[in-house]
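Protein chains: 2
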Amino acid sequence: MHVLVIGAGGMLGQKLVKTFALTGKLRGQRISRITRHDAVLAPPPPVSAFDIQTQIGDISHSEVATKLIAERPDVIFHLAAIVSGEAEDNFEKGYNVNLYGTRHVLEAIRLIGGSYCPRFLFTSSIAVFGAPFPESIEDTYFTTPLTSYGTQKAICELLISDYARRGFIQGLSLRMPTVCVRPGKPNKAASGFFSNIIREPLVGHEAILPVSDQVRHWHASPRAAVAMLIHGAEIDLTQVGPRRALNMPGVSCTVAQQIAALGRIAGDKAVRLIKSVPDEAISRIVAGWPSRFDAKRALALGFKADEDFDAIIRAHVEDELQGKL
Amino acid sequence: MHVLVIGAGGMLGQKLVKTFALTGKLRGQRISRITRHDAVLAPPPPVSAFDIQTQIGDISHSEVATKLIAERPDVIFHLAAIVSGEAEDNFEKGYNVNLYGTRHVLEAIRLIGGSYCPRFLFTSSIAVFGAPFPESIEDTYFTTPLTSYGTQKAICELLISDYARRGFIQGLSLRMPTVCVRPGKPNKAASGFFSNIIREPLVGHEAILPVSDQVRHWHASPRAAVAMLIHGAEIDLTQVGPRRALNMPGVSCTVAQQIAALGRIAGDKAVRLIKSVPDEAISRIVAGWPSRFDAKRALALGFKADEDFDAIIRAHVEDELQGKL
């Protein structure tokens, strides 16, 4: 079993490879090899019983995609993307990587031909949806993105369903919730505060809350997100049928509910480290995001959300803080 | 006012140009020039008070798109497509023309830059939807095409909404009903019988009905379809907002209702020319098509369907048979 992870240097990519290094298995088979790919050098690979190779390159060049696929990986996780803000600022770069990069990989697979038909997991995003929304978004709700990033993700979903229908890939697109608690340093992404207000107080640092505590959002822990990717690589796709883009389950909660969970786990001292500093611009952006899904199909297919926001915080404490508060 | 019609050699393209030759106007302005573009030579242009030029070329080559757009047309009707069956048989040709051709035109517009922002009308299709369907498809229903053609149309809709949102085009995608009664000879398209069973008996010829007369479908006359394109070029897009793909209104009726309308207009003699010859393959294809829409948004924006199927037949008699039965 040869696994290719495109975008292996990102947070989910690193955690996915680390999980495989620990388990050594996928789809009931022993992993013999992982190829990590990213545009820039990823941190060193984890210790593993199998070979982990690293390739650096830009998939918006078709020859890079061709070279990656020439090794005929059995399972491909395509996590690479120019993120939302950058794809909006740099129209060409966003389309080149997020749309053409994906298409180059799909074409490289198709052009191998014969019986080659790898499992292909794509991380899509709730950014495929655009406001205004119903209170809860059903599986059949239409994709009307309001960013170029969301447009590129929605287009890739369509390509993946068509390439799957034609028998070129065993494709599946997972619309991931916002990953929270994101480890690492606070960042300036508009969604960053959802993680900052938990991660920073847990280690005794202040965090800024730029929006009302009544803002509701859709969350998955990094641990749940990695489990969704692996589950997506393992399920029987005949159960899924031709509609290959799935809203992933998540935890819908308000910022106030996030903070209450923090209080239950780390006490009032942690809660007091959250400073409310309203930011009009961030509030406006966040108001355009979906906040709740009815992920019936994914749940029926065995995808699992975290139990609640307390569980999301506990996963962070276990995975990032060695279980210590 | 310079109008570019891409795909001008097709049935709708020819009728659109003929309409402009008669009215000489669009968006309240005098038309000074029309450029007709197609992959193959179109029939001679109609007599007109303004210049009609014809260009032949394949828009899947970016330089062809660049040359067309260099003339800075004010309004662009993009009707060109590899049709459903051919896009399914020839995967590369379908993507090259239907997806990359459209993208080349959009990119040529964007790269002109400055204040250039033409009105851009795209004919999309109900093929963006894939079975199973609800009884009536709402404006918010998701696009899960089951053909490469439908995939390419759905992707172009997303591109057009994004290019419009970014201010590169005044873009709008119209999901056209099946055009009926299609003039010309009977063809072997799976949908051909919807027109054949009306057009042929009206001139005393037999026609084959390959499906049950309980099959329901969504129709617009060529006249109504041309009026939708012109209306789309004229409406105020601020009313439309960022969701730029619209289900067009149509007439939903069963084959039995089509035949009853034929009887009312041309008598039993015409009806008796329809021979039922069930075809399993065609019945199966047609069962995968949507049959009814709730086109609320388009109706509110002033798009108009034919009044009923009788009106569709009368339009055919007037426009194609000089009003004579």
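Line by line, the protein sequences are chains A and B. Note that the working numbering gives residue 352 to position 320 of the first sequence, counting from 1, and the numbers run on in steps of one. Note that the working numbering gives residue 281 to position 249 of the second sequence, counting from 1, and the numbers run on in steps of one. By construction, the Cβ of each residue, glycine as well, lies at the ideal position given by its N, Cα and C atoms.
Beta-bridge partners assigned by DSSP to ILE240(B): LYS307(B).
Beta bridge pairing from DSSP links TRP321(B) with no other residue.
In the three-state scheme derived from DSSP, where H, G and I count as helix and E and B as strand, ALA163(A) is classed as coil. Straight across, the Cα-Cα distance linking LEU58(A) with GLU139(A) is about 25 Å. For secondary structure counted as the alpha helix (DSSP H) over 4 or more consecutive residues, the stretch 159 to 207 of chain A holds these complete runs in sequence order: 180 to 197. Relative to GLY295(B), the option among LYS356(B), PHE335(B), PRO233(B) and ILE262(B) whose CA is nearest is PRO233(B). ARG65(B) carries a strand assignment under DSSP once its states are collapsed to helix, strand and coil.
For GLY162(B), the C-beta contacts it makes with chain A under 8 Å involve PRO274 and ARG275, in order along the chain. For TYR148(A), there are no C-beta contacts with chain B under 8 Å, since the nearest C-beta of that chain is about 16 Å from it. Contacts between ASP194(B) and chain A, judged by CB atoms closer than 8 Å, involve PRO177, SER180 and THR183 in chain order. When only Cα atoms are considered, ALA347(A) and ARG255(A) end up about 7 Å apart. Segment contact: the stretch 166 to 176 of chain A against the stretch 114 to 127 of chain A, fewer than three CB-CB distances shorter than 8 Å; contact not assigned. When the Cα atoms are used, PHE325(B) and PRO209(B) turn out to be separated by approximately 10 Å. Close partners of ARG198(B) in chain A (Cβ separation under 8 Å): PHE123 and SER180. With a threshold of 16 other beta carbon atoms within 10 Å, GLN354(A) falls short and is exposed.
With a minimum length of 4 residues, the unbroken runs of alpha helix (DSSP H) contained wholly in the stretch 108 to 148 of chain A fall at 116 to 121, 123 to 126 and 134 to 144. At least 8 Å separates the CB of ALA53(A) from every CB of chain B. The C-beta separation of SER180(A) from ALA277(A) comes to about 18 Å, leaving the pair out of contact by the 8 Å criterion.
Taking 4 residues as the minimum length, the alpha helix (DSSP H) runs contained wholly in the stretch 65 to 108 of chain A are 94 to 102, in order along the chain. DSSP places ASN219(A) in the coil class of the three-state scheme, outside both helix and strand.
As the crow flies, the alpha-carbon of GLN289(A) is around 18 Å from that of ARG214(A). Counted as a single uninterrupted DSSP element, the alpha helix (DSSP H) harbouring ARG231(A) occupies residues 224 to 234. ILE141(A) and ALA113(B) have their alpha carbons spaced roughly 26 Å apart.
As DSSP reads the structure, SER157(A) sits in a beta bridge with MET208(A).
Across the set GLY182(B), GLY236(B) and HIS93(B), the C-alpha of GLY236(B) shows the shortest separation from the C-alpha of LYS356(B).
Judged by DSSP secondary structure, ILE344(A) falls within the alpha helix (DSSP H) whose first and last residues are 341 to 352. Burial of ARG329(B) is indicated by the presence of at least 16 other C-beta atoms within 10 angstroms of its C-beta. Taking a cut-off of 8 Å for Cβ pairs, the stretch 66 to 85 of chain A and the stretch 99 to 112 of chain A touch, as three or more such pairs fall below it.
Taking the beta carbon of ILE187(B) as reference, the chain A residues within 7 Å of it are ILE187 and LEU190, listed in sequence order. For THR172(B), the chain A residues whose Cβ falls inside 9 Å of its Cβ are PRO166, THR172, TYR173, PHE174 and THR176, in order along the chain.
With respect to the 8 Å criterion, ILE187(A) and LEU153(A) are not classified as neighbours on the basis of their beta carbons.
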